[in-house]
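Residue 324 in UniProt numbering sits at position 324 of the sequence shown, and the numbers go up by one each step.
Glycine included, every Cβ here is placed at the ideal spot set by N, Cα and C.
The structure appears right after this line, and notes come after that.
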Amino acid sequence: MSAPVATVGGGAGFAGDRLDPAVALASSGLVQYVTLECLAERTMVHALRQRRRGVAGHDPRLRLRLAPLLGPAAEHGCRIVANLGAADPERAAEEVAALAGELGHGRLRVAAVVGDDLGDRMGDVAWSDAPAEGEWLGAHAYTGSEGIARALREGADIVIAGRVADSALAAGTLRDALADDGDALAGGLVVGHLLECTGQVTGGNYTGPGGRRLTPEQLADLGYPVAHVSGDGSAEIALLPGAQGCVNRETVTLQLLYEVHDPSAYITPDGIIDMTRISVEEVGPDRVRVSGARHRGVPPQLKVSGFVALPGAMVDVEIGFACVDALARAREAAEVLRLRFAALGAADPTLDLVGVDSLLGPASAPLRCDPPEVRVHASVACADEDMARAVEDEFYWLSMAGPAAGGGIRAERRDHVAVVDGRIDRTEVREEIVWVG
């Protein structure tokens, strides 16, 4: 591999990710950029609701995540790229600038990348299967890496984006260092894809041949990945020296294929990537070289996610059974619930037995013996408050007059929100840079 032209660390892979691995990356002095990928549909819903209430619609953990990170980043010249902006990147950037000033780092330049919000242009989007009822909360396009690259090129130390594609965070740090916007950029996008879930590529969520996996002590102190990227887009994925974890051909391949429907045409806003000729090669302890990505052109349209608040709520309820005949009694309780939900007019309720078939459903293997305890779980879309209460009451009724000894009831209500897919011509989405502070 030729000398790296950039070194990028994956510092967060979801909204609730750990704080300390990103701090370790920034404090190392070995990483030029740290990316923080903290956005998903569920976090976007919360952000949109907050904005509609007049509250800042960015990641609520913004201060918590960046407070311990800004000092090491400023000391070592490590630049931060994050999608903490969610539905409100400009206000998020303002909050970051304010936090930097409070911590004595007021010289850090903060930029917001905006333009993904299509809330006032939803008529320009070609929607699929939009619900006939409900309240539209908003719509956001998945944008690429160009806005991030431009902000960094113009001197940003911290870039805050909204609904950029996950892979665009790292790719944006690499664009000016890569040899071209073809195969080299495809390699950069693969780097972004490998870093976006942080610990999944360094041994988390992994069991190897013979049951080989990290120990609880290693997982409790798991290091996050560093990509040493060459100008042709090839990269070596590694850990910081002394960090806990495992980077091997299997962990990298698993993350490479994560959420990829067609490896010959993985569609991102920056390009369609052909992964079928990618080479994944172990080149040292906890160090894997990835090369061979191919760029197959730019998609003419961008993906859009629309969010519609539907009437009522999603209700999740559980009840437990233990000891002798626990499984038989749980199955009887589930059948009672099916009959009662039908009488209530509940549409398509989900009923499963936790510990028996809640993950694999009909594909679950037959049990070798009765489990010592089973929980009956139901998830029901309820049209209104009365229906939600009635569903919950059916579980409480079971504890009094259903199969013997049911208890430990847990009930939770969630907003019933539909996520609607759409497409928009890429020329209709214009990203802009907003400087704050």
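Asked	Found
Cβ shell of residue 355 (< 8 Å), same chain only, five flanking positions each side left out	371, 373, 374 and 375
Nearest neighbour of residue 238, chosen from 131, 203 and 383 [CA to CA]	203
Residue 144 and residue 165 closer than 8 Å at C-beta	yes
Minimum C-alpha distance to residue 137 - residue among 343, 426 and 311	311
Stretch pair the region 421-430 + the region 328-348: three plus CB contacts closer than 8 Å	no
Cβ pair count under 8 Å reaching 3, the region 381-398 against the region 343-362	yes
Residue 178 beta carbon less than 8 Å from that of residue 233	yes
Beta-carbon proximity check, residue 240 vs residue 226, cutoff 8 Å	yes
CB of residue 266 within 8 Å of CB of residue 25, strictly	no
Residue 139, enclosing beta strand (DSSP E) - first and last residue	135-141
Meets three-Cβ-pair contact criterion under 8 Å: the region 266-283 and the region 61-69	no
Same chain, Cβ closer than 6 Å to residue 73, neighbours up to 5 away in sequence not counted	26 and 80
Secondary structure of residue 89, DSSP reduced to three states	helix
Beta-carbon spacing of residue 290, residue 252 below 8 Å	yes
Residue 332 and residue 403 closer than 8 Å at C-beta	yes
Extent of the continuous alpha helix (DSSP H) to which residue 255 belongs	249-256
Simplified DSSP state of residue 310, which is helix, strand or coil	strand
Opposing strand residues paired with residue 377 [DSSP bridges]	318 and 352
Continuous alpha helix (DSSP H) stretch holding residue 76: start and end	62-76
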